[in-house]
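5 is the number of the first residue of the sequence shown in the working numbering; add one for each residue after it. Even for Gly, the Cβ is constructed at its ideal location relative to N, Cα and C. Quick caveat, the model's predicted, so the values are computed rather than measured. Written below as structure tokens is the structure these notes are about.
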Amino acid sequence: MRNCIRPVVIIFILSAFTLAQTNNLDALKKEALAKVDARQQLVQQMVDQIFSYGELGFQEVETSKYVTGILEKNGFKVQRGVAGIPTAWIATYGSGKPVIGFITDIDCIPRASQKPGVAYHDPIIDGAPGHGEGHNSGMAVNVTAALVLKELMIEHKIPGTLKVFPGVAEELLGTKAFLIRAGLFKDVDAVLGVHVADEFGTGYGQTFAPQGLVSVQYFFHGKAAHAAGAPWDGRSALDAVELMDTGWNFRREHLRLQQRSHYLIINGGDQPNVVPSEAGVWYYFRELDYPHILESYKLGDTMAQAASMMTGTTFTKKLVGSAWPPHFNKVIAEVQQKNIEAVGMPTWDAADQTLAKALQKELGKPEDGLKNKVEELKPPSPENEPGGSDDVGDISWVVPMVYLRYPANIPHTPGHSWADGIAMATPLAHKGSTAGAKVQALTALDLILLPETLQKAWAYYRDVQTKDLTYTPLIAPEDQPAIEMNREKMEKFRPEMRKYYYDSSKYHTYLEQLGIGYPTVKK
Ligand SMILES: [Zn+2]
Numbered sequence: 005m006r007n008c009i010r011p012v013v014i015i016f017i018l019s020a021f022t023l024a025q026t027n028n029l030d031a032l033k034k035e036a037l038a039k040v041d042a043r044q045q046l047v048q049q050m051v052d053q054i055f056s057y058g059e060l061g062f063q064e065v066e067t068s069k070y071v072t073g074i075l076e077k078n079g080f081k082v083q084r085g086v087a088g089i090p091t092a093w094i095a096t097y098g099s100g101k102p103v104i105g106f107i108t109d110i111d112c113i114p115r116a117s118q119k120p121g122v123a124y125h126d127p128i129i130d131g132a133p134g135h136g137e138g139h140n141s142g143m144a145v146n147v148t149a150a151l152v153l154k155e156l157m158i159e160h161k162i163p164g165t166l167k168v169f170p171g172v173a174e175e176l177l178g179t180k181a182f183l184i185r186a187g188l189f190k191d192v193d194a195v196l197g198v199h200v201a202d203e204f205g206t207g208y209g210q211t212f213a214p215q216g217l218v219s220v221q222y223f224f225h226g227k228a229a230h231a232a233g234a235p236w237d238g239r240s241a242l243d244a245v246e247l248m249d250t251g252w253n254f255r256r257e258h259l260r261l262q263q264r265s266h267y268l269i270i271n272g273g274d275q276p277n278v279v280p281s282e283a284g285v286w287y288y289f290r291e292l293d294y295p296h297i298l299e300s301y302k303l304g305d306t307m308a309q310a311a312s313m314m315t316g317t318t319f320t321k322k323l324v325g326s327a328w329p330p331h332f333n334k335v336i337a338e339v340q341q342k343n344i345e346a347v348g349m350p351t352w353d354a355a356d357q358t359l360a361k362a363l364q365k366e367l368g369k370p371e372d373g374l375k376n377k378v379e380e381l382k383p384p385s386p387e388n389e390p391g392g393s394d395d396v397g398d399i400s401w402v403v404p405m406v407y408l409r410y411p412a413n414i415p416h417t418p419g420h421s422w423a424d425g426i427a428m429a430t431p432l433a434h435k436g437s438t439a440g441a442k443v444q445a446l447t448a449l450d451l452i453l454l455p456e457t458l459q460k461a462w463a464y465y466r467d468v469q470t471k472d473l474t475y476t477p478l479i480a481p482e483d484q485p486a487i488e489m490n491r492e493k494m495e496k497f498r499p500e501m502r503k504y505y506y507d508s509s510k511y512h513t514y515l516e517q518l519g520i521g522y523p524t525v526k527k
């Protein structure tokens, strides 16, 4: 009899324990929501401040200084310049298990300068970089959530560690593989990533643009000569670039449909009467998975080799970025989905909708305004879905990770353009980022307070995701982060941009500082 009773007793004790914990969790979640609401001004200031910095990948100097300053002031320990990347850092709070990581991008887009709240192309500074992707809002989401969690951990004596990471140079797919190589995710139990979107959702498996890539620059080296006087003494590096491109374009027909590639010439020489001794071309080789990405990359090397042989030149190359196709954790995504549904869409007002519809009209897109319903849990994408890449993919292969898409932008924008910056320092982005911060805080509480969720997440990671596939970085041991990228571009525009940095001590919002009525639309 005893043997029969014991399991019943144990089950009773366990369920009573879980019930108490769940009650506690519900109360904590309510508290978390209230604490995020109490920080709406911080969200607004961070969104606006980082928008005004508009820094390109690897040059996120002001942004990193500002964000780490806030975290440090709030008791986080900051380690700067990690993985050999000057603008990368980790901010840590707490101790012991579990270790929850938060990550989001901080860099912007070339030539995307745009006045916020104005529903047509109107740059703050013509030709300058700008947040034409909305990466300025992610840190407002993650830092707000982290500060709220820290407060709850102190007040309720909850053990655990919070780690905030920046996505440096995401637009170049430039850093995540190096952060992993530096061992920065070794002790992390789960990563909650966020990315700006025009919708509120999450998913599992390969949920967007199922492509990874390598981004490589090829530099050809020839011999200068007078192009008319002694061309036979010269060897043209530009010829090599053109032959490599021609070779690739013919070969393209015979590649898998899943492959996508693009290039641009970064250096075509100096002037026509000098045989170009130096020329360079920059390739993106995209494919579905690691073996095919590597195959494409090797084929690129073959084209470069052949072009150099044909032209009597030599070549060197530099890897600029790499990304594994992401795979997000089903267990955590299901938990996160419930939190998205609990938080719900922000309440858009007439001004938000007017801005959205005016931009949609300007772009010649359906004028259906902002979304009013959260998305359903997104299953893995079909192989042929169009889209880009994101180097958070690498992180998703070394630790269970999810990627929250929070609603801080306008539907039907083209991406990577001035149009995507319009909403990003307006009430629309402030509201969407606040909603995102709530889901981040709630999901972290689920992971910290219910250890079985993390156990199940790791079981999915081990037994499903990595059952037949282990992570091998696309970077070679000799590859280093391309930290010199964008330096000249940023130096060119920064002095003028400084005049427009947001001053939150003088102005309630960046719109107020710029003197922009919200919304400003064509009559
Ligand atoms: Zn992005």
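- The DSSP-derived three-state label of H199 is strand.
- Cβ neighbours of G373 within its own chain (closer than 7 Å, five residues either side excluded): Q357, A360, K361.
- Here the stretch 204-212 lies against the stretch 344-354, with 3 or more beta-carbon pairs under 8 Å apart.
- Of all alpha-carbon atoms in A310, A116, E456, T108, the one lying nearest the alpha-carbon of Y222 is that of A310.
- Distance from the CA of P415 to the CA of F319, rounded to the nearest whole angstrom, comes to 44 Å.
- Within 6 Å of the C-beta of D109 there is at least one heavy atom belonging to ligand 1.
- Taking 6 Å as the cut-off, the C-beta of E137 counts as close to a heavy atom of ligand 1.
- Excluding the 5 residues flanking it on each side, T317 has same chain C-beta neighbours closer than 7 Å at F224, H225, G226, R239, A241, A244, in chain order.
- Residue burial is scored here from C-beta neighbours: K39 has at least 16 other C-beta atoms within 10 angstroms and is therefore classed as buried.
- Taken atom to atom, the span from the alpha-carbon of K365 to that of A433 is near 20 Å.
- Taking the C-beta atoms as reference points, A181 is found nearer than 7 Å to I479.
- Around W422, the same chain offers A116, Q118, H125, G136 as residues with beta carbons nearer than 6 Å, after the five sequence neighbours per side are excluded.
- Shown here for E379: same chain residues with a beta carbon closer than 7 Å to its own, the five before and five after excluded, namely E203, F204, G205 in chain order.
- A direct Cα-to-Cα measurement between M248 and H266 gives close to 13 Å.
- In terms of CA proximity to A283, E246 leads the group F254, E246, F189, M314.
- Cβ neighbours of V192 within its own chain (closer than 8 Å, five residues either side excluded): V103, I104, G105, K167, V403.
- Counting other Cβ atoms within 10 Å of its Cβ, E516 stays below 16 and is therefore classed as exposed.
- DSSP places W252 in the uninterrupted alpha helix (DSSP H) bounded by 241-255.
- The closest CA to that of R43, considering only L268, T438, L453, R264, is found on T438.
- Where W462 is concerned, the enclosing alpha helix (DSSP H) starts and stops at 455-464.
- If one requires a minimum length of 3 residues, no beta strand (DSSP E) run lies completely within the stretch 325-390.
- The C-beta distance from K493 to P133 rounds to 7 Å, short enough to fall under 8 Å.
- Contact check between the stretch 338-347 and the stretch 469-476: fewer than three CB pairs, one atom from each, fall below 8 Å, which does not count as touching.
- Assignment of beta-bridge partners to R264 by DSSP yields R290.
- Per DSSP, reduced to three states, the secondary structure at T108 is strand.
- Relative to Y208, the option among L381, A355, Y504, D394 whose CA is nearest is L381.
- E66 and G171 have their C-alpha atoms spaced approximately 14 Å apart.
- In the structure shown, E64 falls within a coil segment according to DSSP collapsed to helix, strand and coil.
- In the pairwise beta carbon analysis, the stretch 285-303 is classified as touching the stretch 211-219: at least three pairs are separated by under 8 Å.
- When V443, A213, A427, R260 are compared, the shortest CA-CA separation from S300 is found for R260.
- Note on geometry: alpha-carbon atoms of A427 and V278 lie some 47 Å from one another.
- Contact check between the stretch 443-455 and the stretch 151-160: three or more CB pairs, one atom from each, fall below 8 Å, which counts as touching.
- In terms of CA proximity to D353, P431 leads the group T91, L60, P431.
- In the DSSP assignment, N271 forms a beta bridge with G284.
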